[in-house]
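Structure record follows, encoded as structure tokens.
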Amino acid sequence: MLLDIHSHILPAVDDGAEDLIESLHLLELMQSQGITDCIATPHFYPHEDNLEDFLQEARTAFEHLKKIVNERKLPNIYLGCEMLYYEGIGNSESLSELCLNGSDFLLLELYDGCINNTLFEDLKAMKEKLFITPVIAHIERYCDAKNYRKLLKFVKDENIPVQINAASLLIPEYNRTVKKIFKSDIKTVIATDAHSVKERPPKMAEALREVNLKLGREFRTKIMETSHWLFEKIVTEIDYNA
Ligand SMILES: [Fe+2]
Numbered sequence: 002m003l004l005d006i007h008s009h010i011l012p013a014v015d016d017g018a019e020d021l022i023e024s025l026h027l028l029e030l031m032q033s034q035g036i037t038d039c040i041a042t043p044h045f046y047p048h049e050d051n052l053e054d055f056l057q058e059a060r061t062a063f064e065h066l067k068k069i070v071n072e073r074k075l076p077n078i079y080l081g082c083e084m085l086y087y088e089g090i091g092n093s094e095s096l097s098e099l100c101l102n103g104s105d106f107l108l109l110e111l112y113d114g115c116i117n118n119t120l121f122e123d124l125k126a127m128k129e130k131l132f133i134t135p136v137i138a139h140i141e142r143y144c145d146a147k148n149y150r151k152l153l154k155f156v157k158d159e160n161i162p163v164q165i166n167a168a169s170l171l172i173p174e175y176n177r178t179v180k181k182i183f184k185s186d187i188k189t190v191i192a193t194d195a196h197s198v199k200e201r202p203p204k205m206a207e208a209l210r211e212v213n214l215k216l217g218r219e220f221r222t223k224i225m226e227t228s229h230w231l232f233e234k235i236v237t238e239i240d241y242n243a
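Going by my numbering, the sequence shown opens with residue 2, and the numbers climb by one from there.
Below you can see the structure in the form of structure tokens.
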């Protein structure tokens, strides 16, 4: 079992796969890299997108893709979103519909200027008042942002999982921060954040090889353990009849 919690595989919904052919091609690539389960996480921009319209479009595209994916025995797919953080998210009542596969986990994208105490209060409120655990998307990308070290300390102290893009493991620019994240015992998973076959393809197999090579087998094992833990929470434990 290998779960990809971050991908833009839905056809023509966001800046990911352009059409059904590209969606299927991305899933074939994922399968060749050992991915068995993949969550489609189209971008949700709270200041631009209407929740109802977004959900309807995403669900329609998802159901159509899922039918073909099942016929072709490609990786199992699930629906979620990649939500952009906004101030006050900790008081939002409508987050549950945007969580990963109806679980209590929400993939949350940050931006450089948002890393401050308000963000930390919002993340705490999400967990403690809304009972939703944020998963910080591609946390390595904010490494030059003000308060980045505070963010790493915060997610570690609060036991908030983070996600690193597979492709970032292959870029020297991110070497330092990726090592730091792995070595600081933050709950970490790798995901593809795949958008397209040519520009941003899935690189899961290469990334896991890189972890083995540069950091050692124990870190690869740790990543797989966290991936299994998230799989349990996001896929296995979801009761569709509830
Ligand atoms: Fe993404």
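All C-beta atoms, glycine included, are put in the ideal place defined by N, C-alpha and C.
Exposure label - residue i; buried when at least 16 CB within 10 Å
i	result
residue 61	exposed
residue 86	buried
residue 175	buried
residue 178	buried
residue 13	exposed
residue 83	buried
residue 42	buried
residue 173	exposed
residue 95	exposed
residue 180	exposed
residue 141	buried
residue 79	buried
residue 46	exposed
Residue i, DSSP secondary structure in three states
i	result
residue 106	strand
residue 135	strand
residue 79	strand
residue 1	Since the first residue shown for the chain is 2 and the last is 243, residue 1 is missing from the structure and cannot be characterised.
residue 84	strand
residue 196	coil
residue 33	helix
residue 169	helix
Terminal residues of the alpha helix (DSSP H) in which residue i lies
i	result
residue 152	149-158
residue 54	52-72
residue 190	Where residue 190 is concerned, there is no enclosing alpha helix (DSSP H), although the beta strand (DSSP E) it sits in stretches over 189-192.
residue 118	118-129
Continuous beta strand (DSSP E) stretch holding residue i: start and end
i	result
residue 165	163-166
residue 41	38-41
Minimum Cβ-Cβ distance from residue i to chain C less than 7 Å
i	result
residue 112	No chain C appears in the structure shown, which is made up of a single protein chain.
Beta-carbon proximity check, residue i vs residue j, cutoff 7 Å
i	j	result
residue 34	residue 206	yes
residue 165	residue 137	no
residue 111	residue 40	no
residue 88	residue 134	no
Does the pairing of the region 127-135 with the region 25-40 give three or more beta-carbon distances under 8 Å?
no
Count the CB pairs spanning the region 143-157 and the region 51-60 that are closer than 8 Å, and state whether there are at least three.
no
Take every Cβ of the region 183-197, pair it with every Cβ of the region 155-166, and state whether three or more of those distances are shorter than 8 Å.
yes
If contact is defined by three or more beta carbon pairs under 8 Å, each pair taking one atom from either stretch, is the region 195-212 in contact with the region 220-236?
yes
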